[in-house]
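Here is the structure we will look at, set down as structure tokens.
Residue numbers (our numbering), protein chains in the order written: chain A, 86 to 316; chain X, 600 to 972.
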């Protein structure tokens, strides 16, 4: 098995007819099972890079592969996202009318699992994340930290290879943020999942095995192997 | 959680809006059910009337421009009875007119003693004889509506008549009508010597081929007149055609208005949920699933509207049947085919109204949709 899971070469993304260049030739290599943080100031291109790595943005130049699949030429990007990628967003993005248990089941509609299996699996994930007593609570009845844990459970619903988290602690107090980082660590500790976290928070980045720093649409430096290894 | 649960939760998010949309659809479908039911019932009632009289063929004016066919000379009866296979062909004059407090009532002019009277069951009094002057027979429903009994007087147009008999018929249209000796009705309606139907009885054993031959002869020898079967004359009746056209027009309008209403509701719902749709796309929902979800929301709304509307339509028919305008003249025909058509119309407008929002919702870029908060 190829130890490299994600590879990006000369990735560029511009908006408004090229006047705004969000990514200006990003090169990147991420190994299987790696926990990587991407840091940088606002507007540096972190979230754009995460969108690109998450196969959410087809209008990108360059070459990006995940487990050998070229993201620009995916025959079915939705299916790829459903089975290979898990997303955690800063604002949780839970569906407000669904309970925690129902929110976690949402991605599973894309898997060939019967309703009972979906339910049992969602309940198991939430219990693992300490939300066993909150299964039937609507998001509005949950704290920020609990909501983010529901969102993490949802991101793990289909057993993805890669977890992409965009400022997962950005809307949380320090105690909740710490809990979320512990959860991400626990997920990573199982060793079978690659985690990429975009963050402003140096404390969050410090938890990662490797931190990439971005500025003006480029990866500019990083501890062992960041920009250098990527190149 | 099933996919259907998700759809219901989406619709229940804006309960009032969903309910109002259902009400809008229900009113349209209710109108379709009520009008179509009455049109079908009207047609069935007249067909039953001719069958009950034992009429094999009805000869009347082919070109119908009013609720009742145009009148023609009664003396043409001899020409009809001279045709092969015709046993007898008494003329009849049928008119619709206001009678006392009742705004519209069917008046039937028949010659006393002919076979048209045979199927009527006398409840009270005596049938008018040939020499009777201004004596009429009331259908049992007409007598109840007018509050008349045998011996009472009744004002028909400018004439005052006496109620000589009250009868019961297997045909609802006759029960709500007044049978007047032909000459009397011709005088009352100022149509001396005129009829608008010949009720033809055929020689026993006449074959269908011979009936066709006779119909061709009627057309050939009596220009302007056509021979219809009982069912056909009901279908050719202008009133029935108008009722059917109205029910069709109402259906089309209901479909259009309902579809626009559903589209508006679902489109608003989609625009409110752009962000959520972005989340669903981001976590890997196929675009076809998004489309199906939105379309199903539209179909559930229209299905609910169809069910409520069918109930409203049936209730409206029941109410109309006891109104003085309709009572005794016809009964709505509410059956499974009609309710099936109503549900198909409802689902059709749901599909029409949901297609565009489903298309809008499913073609968004997840990144763009996620930016909507």
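Each residue gets a CB set at the ideal place from its N, CA and C atoms; glycine is no exception.
Could you give the first and the last residue of the continuous beta strand (DSSP E) run that contains residue 100 of chain A?
89-100
So for residue 104 of chain A, helix, strand or coil by DSSP?
coil
Quick check on DSSP: helix, strand or coil for residue 136 of chain A?
In the three-state reduction of the DSSP assignment, residue 136 of chain A falls in the helix class, which pools H, G and I.
What are the boundary residues of the beta strand (DSSP E) that residue 696 of chain X is part of?
690-698
Cβ of residue 90 of chain A within 8 Å of Cβ of residue 115 of chain A?
yes
Ranges of the alpha helix (DSSP H) found wholly within the segment 224-309 of chain A, counting only runs of at least 4:
229-240, 259-274 and 287-291
Got a sec: does the ligand GDP put a non-hydrogen atom nearer than 7 Å to the Cβ of residue 296 of chain A?
Absent from the structure shown: the ligand GDP. Ligands present: none.
Taking 7 Å as the limit between beta carbons, can you name the residues of its chain near residue 101 of chain A, skipping five residues before and five after?
none
Give the DSSP-derived three-state secondary structure of residue 600 of chain X in the structure shown.
In this structure, residue 600 of chain X counts as coil in the three-state DSSP scheme.
Touching by the beta-carbon criterion (3+ pairs, under 8 Å), the segment 629-642 of chain X and the segment 912-925 of chain X:
Yes, they touch.
When the distance is taken between beta carbons, is residue 259 of chain A closer than 8 Å to residue 228 of chain A?
Cβ atoms of residue 228 of chain A and residue 259 of chain A: not closer than 8 Å.
Taking buried to mean at least 16 other C-beta atoms within 10 Å of its own C-beta, is residue 149 of chain A buried or exposed?
buried
Residue range of the alpha helix (DSSP H) that includes residue 679 of chain X:
676-680
What's the C-alpha gap between residue 776 of chain X and residue 745 of chain X?
11 Å
May I ask you to list the residues that DSSP assigns as paired with residue 672 of chain X?
X/793
Under 7 Å from the C-beta of residue 880 of chain X: neighbouring residues of chain A
163
Contacting positions in the segment 850-873 of chain X - beta carbon closer than 8 Å to chain A:
none
Is DSSP giving residue 824 of chain X helix, strand or coil here?
strand
Could you tell me whether the Cβ of residue 601 of chain X comes closer than 8 Å to any Cβ of chain A?
yes
Taking the C-alpha atoms as reference points, what is the distance between residue 697 of chain X and residue 628 of chain X?
31 Å
Specify the secondary structure class of residue 34 of chain A as computed by DSSP and reduced to three states.
For chain A, the structure presents residues 86 to 316; residue 34 of chain A sits outside this window and is missing.
Using a Cβ-Cβ cut-off of 8 Å, state whether residue 884 of chain X counts as contacting chain A.
Contact of residue 884 of chain X with chain A is assigned, a C-beta pair being separated by under 8 Å.
Go ahead and pull the three-state DSSP assignment for residue 959 of chain X.
Of the three classes helix, strand and coil, the one that applies to residue 959 of chain X here is helix, per DSSP.
Checking contacts by CB at 8 Å: is residue 300 of chain A closer than that to chain X?
no
Pair every Cβ in the segment 203-217 of chain A with every Cβ in the segment 158-173 of chain A, then say whether three or more of these pairs are closer than 8 Å.
no
If we define contact as Cβ-Cβ less than 8 Å, is residue 199 of chain A a contact residue for chain X?
no
Here's a check: name, in chain order, each residue in its chain whose Cβ is nearer than 6 Å to the Cβ of residue 320 of chain A, leaving out the five neighbours to either side.
This structure cannot settle anything about residue 320 of chain A, because the visible part of chain A is limited to 86 through 316.
Between the segment 181-197 of chain A and chain X, which residues of the former have a C-beta closer than 7 Å to a C-beta of the latter?
182, 183, 187, 190, 191, 192, 194 and 195
Report buried or exposed for residue 654 of chain X, applying the criterion of at least 16 other Cβ atoms within 10 angstroms of its Cβ.
buried
The beta strand (DSSP E) with residue 726 of chain X in it runs from where to where?
Segment: none, residue 726 of chain X is in no beta strand (DSSP E) and carries neither H nor E.
Terminal residues of the continuous beta strand (DSSP E) containing residue 709 of chain X?
701-709
Exposed or buried, which one is residue 602 of chain X when buried takes at least 16 other CB atoms within 10 Å?
exposed
Is residue 289 of chain A buried or exposed, if buried means 16 or more other CB atoms sit within 10 Å of its CB?
By the 10 Å Cβ count, residue 289 of chain A comes out buried.
Sheet register partners of residue 735 of chain X (DSSP bridge):
X/762
Am I right that residue 659 of chain X and residue 861 of chain X are in contact with their C-beta atoms under 8 Å? What's the rounded C-beta distance?
No, residue 659 of chain X and residue 861 of chain X are not in contact; Cβ-Cβ is about 45 Å, not under 8 Å.
Considering residue 121 of chain A, what are the terminal residues of the alpha helix (DSSP H) in which it resides?
Taken as a continuous stretch (DSSP letters only), residue 121 of chain A belongs to no alpha helix (DSSP H), being part of the beta strand (DSSP E) at 120-124.
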